[in-house]
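At position 86 of the sequence shown (counting the first as 1) the number is 86 in full-length UniProt numbering, and the numbers step up by one without a gap.
In this text, a Cβ means the ideal position worked out from N, Cα and C, and glycines have one as well.
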Amino acid sequence: MNDAQQSSTDETTDQPGRRAGRWLPRLPWRRTAGERPASGAAPDPGPVGLDKPADGPWPAVRDGLREFGIALTTPAAAGRAPLAQAHKGWVRATPYVVVFAFVAALLPTTVTVLIQDYGMNGGMAGGLAVAQTLPLLLALTRPLHAWWVIFPADVIGGLALYAGKHVDGRSWPWTPMIIVGYVLLMVLLGLRESRRTLIAIFLVTAAAGVFFEQLSQTYSDGSWVLMLVLAGVTLVVTYALRLRGEAQAKLAEQETISEAERAQRTLLEERARIARELHDIVAHHMSVITVQADTAKYRLPGLSPEVEKEFGEIAAAARESLTEMRRLLKVLRNEEAQAERTPQPGLNRLHQLVEATRRAGVQVAMTPAEAHLQELVTGVPPAVDLSAYRIVQEALSNVIRHAPGAVAHVELDVHQRELLLSIVNGPAQKPRSALETSGTGHGLVGMRERVRLTGGSLEAGPAAGGGFRVEARIPLHEQDGEGEPPAENTSRPAQDTPQSEQDTRQSEQDT
């Protein structure tokens, strides 16, 4: 192995030790198992400096200074100005207007004060004023870069005033204009830079103040203490506000994600519930087909072998379809939920649902009358029959929850091969509890999915004069399943809540 390979091997082997050595003292006995000498052998001195005690505190001081320098020279990624994410344009423009106004007022004031009060020549006063104020515009997006211009200019200005011997009885080392501009710079730094950078800036500011205090205690009036206190308080407050804003933004983002997930989960649960209900309808028809096909050769004597074979294939296909549908239902079913054992309701039980709602304290008027209803719903497809009943049930449940004391009107009609539903309620006549006003809008999910399933349309939203309305149009002809059903025109009401299985069963029991 040549020297280069040996050196590479030593560096690779020692790399973990080097990393740990930044924080742990380098002690003579800190060796790996492979580095320990054999019994009776002379101890291996090892690489120079690896196992020797550190030469005092200087390595730690050197590392600290290096970290300090990194903090002062590593700005946060340049980004947008404060309030850049606001929706209104005037809010986004506010930071630019404020900083520009500060610069426009501070620049001429600084020049005038340096010339008239401190006796500085015009050229130097103008140069210092520009260096101390104009970078504030840069600080909107790159505050650390601006600090590297403004702070040295402030220090140079203090030294120039000291050298000119024109500070008797005046603020020194920091003039009032320097303090105002520096505090504004601290605001922009606190809203953007990291904590270690802010600490480093505060320490540098303190060191500069102590330096000027030691330079001339005769001229110093304690303005460095005032600026140090104002800078520290400003950094702490703005940094805390930034952390609070970031936490609120993350919380809002998580709430948005959680709300979307809850809506998606509710949608899937509602679809699974609809699938279970449709299973009862489809399974009945498939069972009838199977029985009729299997018994055809006994009920219809004299069938040819080809016809009997055809009926047998029909029965087998029906049984296979029923089996596959049950397998699909197992995928959609929530295993923790208990399946309903009662028959599925329909529009022929609509008056019983209305009576149960009246017993809950809601005045409900229904059109048509019960005698005419049975005639009207005759021949309605089972899927439409069940979907229409569930829509009315959910709408009346919302009236009970969110509009106590209101009058509700339920209208049902068949026009041009369409089933028309309208549930309208007036404003609440009694005060609502906190529970009744905590709706999430998930109840409309079930209505939308049922209407989409049958190829109809749904409109839901506030009614004229207060209250709420739900209107549905469901075609009575069979859907061929091709293409997308018509889009619903729905508005998300504040009064709607999800309809739970328990509420459904309670309504069934009330009847």
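{"Asked": "Could you check where the alpha helix (DSSP H) with G190 kicks off and where it finishes?", "Found": "P176 to G190"}
{"Asked": "If you drop the 5 nearest sequence neighbours on each side, which residues of the same chain put their C-beta closer than 6 Å to that of G46?", "Found": "Residue placement at G46 is flagged as unreliable, the pLDDT there being 46, under the threshold of 50; a coordinate-derived value is accordingly withheld."}
{"Asked": "Under the three-state reduction of DSSP, which class applies to K250: helix, strand or coil?", "Found": "helix"}
{"Asked": "Our contact map puts R473 next to G461 with C-beta atoms below 8 Å; I'd like the distance itself, whole angstroms only.", "Found": "So it is not a contact: roughly 15 Å between Cβ atoms."}
{"Asked": "Excluding the 5 residues flanking residue 519 on each side, which residues of the same chain have their C-beta closer than 8 Å to its C-beta?", "Found": "Absent from the structure is residue 519, since the part of the chain shown begins at 1 and ends at 511."}
{"Asked": "Is the segment 100-107 touching the segment 194-201 in the sense that three or more CB pairs, one from each, lie closer than 8 Å?", "Found": "no"}
{"Asked": "Provide the residue(s) that pair with D385 in DSSP beta bridges, ordered along the chain.", "Found": "For D385, which the question treats as bridged, DSSP gives no partner whatsoever."}
{"Asked": "I'd like to check one pair, V424 with M366: are the Cβ atoms closer than 8 Å?", "Found": "no"}
{"Asked": "Can you name the start and end residues of the beta strand (DSSP E) that R195 belongs to?", "Found": "R195 -> not in any beta strand (DSSP E); alpha helix (DSSP H) instead, spanning R195 to L215."}
{"Asked": "Measuring straight from C-alpha to C-alpha, what distance separates A76 and W172?", "Found": "32 Å"}
{"Asked": "Can you check which of these residues, E259, Y219 and I178, is closest to L228 by C-alpha distance?", "Found": "I178"}
{"Asked": "So, with DSSP's three-state summary, where would you put M447?", "Found": "helix"}
{"Asked": "Per DSSP, what are the beta-bridge partners of M366 in this structure?", "Found": "V410"}
{"Asked": "Let me make sure I understand the geometry here. Which of T141, T112 and R271 has the alpha-carbon closest to that of A125?", "Found": "T112"}
{"Asked": "Tell me the residue span of the beta strand (DSSP E) that contains R473.", "Found": "F468 to P475"}
{"Asked": "Measure the beta-carbon distance from A403 to G467 and round it to whole angstroms, keeping in mind my assumption that it falls under 8 Å.", "Found": "7 Å"}
{"Asked": "Which of helix, strand or coil does DSSP assign to L50?", "Found": "At L50, the pLDDT of 44 sits below 50, so the modelled position is not reliable; the number obtained from the coordinates is stated separately. Of the three classes helix, strand and coil, the one that applies to L50 here is coil, per DSSP."}
{"Asked": "Between R450 and S387, how many whole angstroms is the CB-CB distance? I'm expecting something under 8 Å.", "Found": "4 Å"}
{"Asked": "Does T367 get closer than 8 Å to chain D when you measure Cβ to Cβ?", "Found": "Given the protein chain composition of this structure (a single chain), no chain D is represented."}
{"Asked": "With DSSP as the reference, label P462 as helix, strand or coil.", "Found": "strand"}
{"Asked": "Ends of the beta strand (DSSP E) at L420?", "Found": "E418 to N425"}
{"Asked": "What residues in its chain sit with their C-beta under 6 Å from that of V407, if we drop five residues either side in the sequence?", "Found": "Q363 and G426"}
{"Asked": "Please go through the same chain and pick out, in chain order, the residues whose beta-carbon is closer than 8 Å to the beta-carbon of T94, but skip the five residues on each side of it.", "Found": "L83"}
{"Asked": "According to DSSP, simplified to helix, strand and coil, what is H87?", "Found": "coil"}
{"Asked": "Can you tell me whether P301 is buried or exposed, with buried defined as 16 or more other CB within 10 angstroms of its CB?", "Found": "exposed"}
{"Asked": "So, at 8 Å on beta carbons, what are the nonlocal neighbours of S258 in its own chain, with the 5 sequence-adjacent residues on each side left out?", "Found": "none"}
{"Asked": "Any idea what DSSP makes of S171, helix, strand or coil?", "Found": "coil"}
{"Asked": "Please classify D154 as buried or exposed, where buried requires at least 16 other C-beta atoms within 10 Å of its C-beta.", "Found": "buried"}
{"Asked": "Let me make sure I understand the geometry here. Which of P59, V187, S216 and M286 has the alpha-carbon closest to that of L241?", "Found": "V187"}
{"Asked": "Go ahead and label E261 buried or exposed: buried means 16 or more other beta carbons lie within 10 angstroms of its beta carbon, across all protein chains shown.", "Found": "exposed"}
{"Asked": "In whole angstroms, what separates the C-alpha of P57 from that of R66?", "Found": "14 Å"}
{"Asked": "In its own chain, which residues sit with a C-beta less than 7 Å from the C-beta of R92, not counting the 5 before and 5 after it?", "Found": "L83, A84 and A86"}
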